[in-house]
Amino acid sequence: MEQLEYQEGRTELETLGEFALIDRLTEGFVRHNDTTALGVGDDCAVIGTGKTRTLVTTDTLVEGVGFDMTYTPLKHLGYKAAAISLADITAMNALPQQLLVSLAASNRFSVEAMDELYAGIRLCCDRYDVDLVGGDITTSRAGLMINTTALGQADADTLSYRSGAKLHDLICVSGDLGSAYCGLLVLEREKVTFQADPNFQPDLDGFDYVLERYLKPEPRTDIVRMLAEKGVVPTSMIDVSDGLASELLHICHRSGCGCEIYEERLPIDYQTTRVCSEMSKNMLPVSCALNGGEDYELLFTIDQKDYDKLKDERSITIIGHITEPGSPAIMVTPQNTAITLRAQGFKN
Ligand code: ADP
Ligand code: MG
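327 is the number that the numbering used here gives to position 324 of the sequence shown; each next residue is one higher, with no gaps.
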């Protein structure tokens with residue numbers, strides 16, 4: 004058997020960051036099959052050589068990292084675990100069709116708890132016409148881990164990649180941004196109060212929208228359908244899992260371009276603004292929109308010729324445009340100051 008070589012010294016994982024680590028780990032792999040149309044680097048891998056392609060994507064949620072059992076009902080968790088993988092299929096401008104679910108659960112969880120988790124997965128599958136086709140189940144020493152793998156099939160000509168944005172394309176986003184992160188802030192605030200006084204009843208009145216956004220995200224299959232109906236294939240696309248700034252930088256990096264977005268154009272719900280002002284003076288709604296993440300909205304670019312087809316579409320907002328290769332990704336403030344976008348992200 005080949006001997007594995009261990010290098011001297013030790014580098015902590017956090018020194019690299021998620022994306023540099025993925026690049027490093029996947030760098031030495033060569034493609035062995037023509038059927039691998041696209042590998043690492045987009046929201047899904049693309050499989051097949053013909054007109055119809057298969058899309059595949061996987062996500063993992065770990066207790067204490069991706070979710071907190073103190074305030075996450077298992078039914079919501081199941082729904083969310085399915086939804087976030089389905090969102091990656093929509094991020095290729097395609098519709099999800101199949102789902103596999105793998106679990107590692109400790110003996111802290113009962114059969115009834117697993118039933119609840121699967122009730123949520125089933126709800127999501129039924130809502131989005133997706134079939135549960137397999138998975139795996141094992142025990143864990145501590146906590147719960149859920150891995151979801153989603154598949155979809157689509158016409159090769161209708162797929163949108165992160166890499167297709169070009170000069171003067173318009174940048175669009177569905178729904179609103181920053182609300183899921185504000186939902187998390189509300190839950191974290193209530194958790195701290197609850198830990199101090201276990202008799203405390205959480206006051207979640209008036210936060211229903213932001214809480215739902217965090218606990219029960221929805222993949223935007225409606226946007227994929229709307230674009231198909233209007234005959235628009237976005238030049239590039241990604242879903243907003245880590246925050247607008249990070250996703251815009253992915254599109255700019257993969258497409259070799261810059262971008263300019265306008266702060267006053269960012270779609271932000273009034274509940275997001277309210278949560279921010281209640282939390283702290285330093286918490287700005289625009290920061291939540293840029294760096295909050297977990298909104299699972301679609302961020303995409305369209306050719307200017309398609310503007311008329313989408314200009315009256317209320318479910319999307321045009322927030323800016325693509326600029327020349329080599330130019331930075333910037334946000335212009337209402338005072339006309341240009342801020343360079345950075346991939347901060349609030350989550351770990
Ligand atoms: P998303 O946020 O859309 O789920 P990620 O940021 O998780 O995407 O991943 C970016 C790309 O890196 C994807 O193409 C994904 O398949 C790939 N990737 C992530 N983790 C790994 C890994 N451990 N090994 C190989 N590829 C990975
Ligand atoms: Mg994605």
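In this text, a Cβ means the ideal position worked out from N, Cα and C, and glycines have one as well.
Ligand 2 heavy atom lying under 7 angstroms from the CB of residue i
{"i": "D46", "result": "yes"}
{"i": "D242", "result": "yes"}
{"i": "A332", "result": "no"}
{"i": "D208", "result": "no"}
{"i": "D298", "result": "no"}
{"i": "D91", "result": "yes"}
{"i": "A168", "result": "no"}
{"i": "A94", "result": "yes"}
In DSSP terms, what residue i is bridged to
{"i": "E263", "result": "H324, I333"}
{"i": "D298", "result": "BP columns for D298 are empty, so no partner."}
{"i": "T343", "result": "I333"}
{"i": "L39", "result": "First, the residue type needs correcting, since residue 39 is Thr and not Leu in the sequence shown. Looking at the DSSP assignment, T39 forms a beta bridge with I50."}
{"i": "A108", "result": "T142, L147"}
{"i": "R56", "result": "A157"}
{"i": "D242", "result": "L301"}
{"i": "Q204", "result": "None; Q204 has no bridge partner."}
{"i": "F197", "result": "DSSP output for F197 lists no bridge partner at all."}
{"i": "T75", "result": "The partner list for T75 (beta bridge, DSSP) is empty, contrary to what the question assumes."}
{"i": "D62", "result": "T151"}
{"i": "P99", "result": "G155"}
{"i": "D118", "result": "Looking at the DSSP assignment, D118 forms no beta bridge with any residue, so it has no partner."}
{"i": "D45", "result": "V43"}
Rounded Cβ spacing between residue i and residue j (contact assumed at less than 8 angstroms)
{"i": "A231", "j": "L162", "result": "Contact doesn't hold; Cβ gap of about 12 angstroms is too wide."}
{"i": "A153", "j": "P99", "result": "5 angstroms"}
{"i": "V176", "j": "I322", "result": "6 angstroms"}
{"i": "Y212", "j": "G296", "result": "No, Y212 and G296 are not in contact; Cβ-Cβ is about 17 angstroms, not under 8 angstroms."}
{"i": "L77", "j": "L120", "result": "5 angstroms"}
{"i": "D91", "j": "S182", "result": "With 8 angstroms as the limit, D91 and S182 do not qualify as a contact, their Cβ atoms being about 20 angstroms apart."}
{"i": "I140", "j": "L64", "result": "Not really, about 15 angstroms apart at Cβ, beyond 8 angstroms."}
{"i": "L93", "j": "D309", "result": "Checking the displayed sequence, the identity of residue 93 turns out to be Thr instead of Leu. Actually they do not touch by this definition, with Cβ atoms about 18 angstroms apart."}
{"i": "L147", "j": "A108", "result": "5 angstroms"}
{"i": "L313", "j": "K233", "result": "7 angstroms"}
{"i": "M95", "j": "D46", "result": "6 angstroms"}
{"i": "T1", "j": "C260", "result": "Residue 1 is absent from the structure shown; the chain starts at 4 and stops at 351."}
{"i": "T343", "j": "I333", "result": "6 angstroms"}
{"i": "F210", "j": "Q274", "result": "7 angstroms"}
Ligand 1 heavy atom lying under 7 angstroms from the CB of residue i
{"i": "I25", "result": "yes"}
{"i": "V43", "result": "yes"}
{"i": "D132", "result": "no"}
{"i": "L19", "result": "no"}
{"i": "L28", "result": "yes"}
{"i": "D315", "result": "no"}
{"i": "D139", "result": "no"}
{"i": "D62", "result": "yes"}
- Can you list the beta strand (DSSP E) stretches of 3 or more residues lying completely in the segment 310 to 340, in chain order? 319 to 326, 332 to 335
- Which runs of the beta strand (DSSP E) spanning at least 3 residues fall entirely within the segment 124 to 160, listed in chain order? 134 to 142, 147 to 158
- Item | Contiguous beta strand (DSSP E) assignments of at least 3 residues, all confined to the segment 156 to 189 | 173 to 177
- Item | 4 or more residues per run - each alpha helix (DSSP H) lying fully within the segment 11 to 38 | 21 to 29
- Task: Could you tell me which uninterrupted alpha helix (DSSP H) segments, each at least 4 residues in length, are contained entirely in the segment 210 to 256, listed from first to last along the chain?
- Result: 211 to 218, 224 to 233
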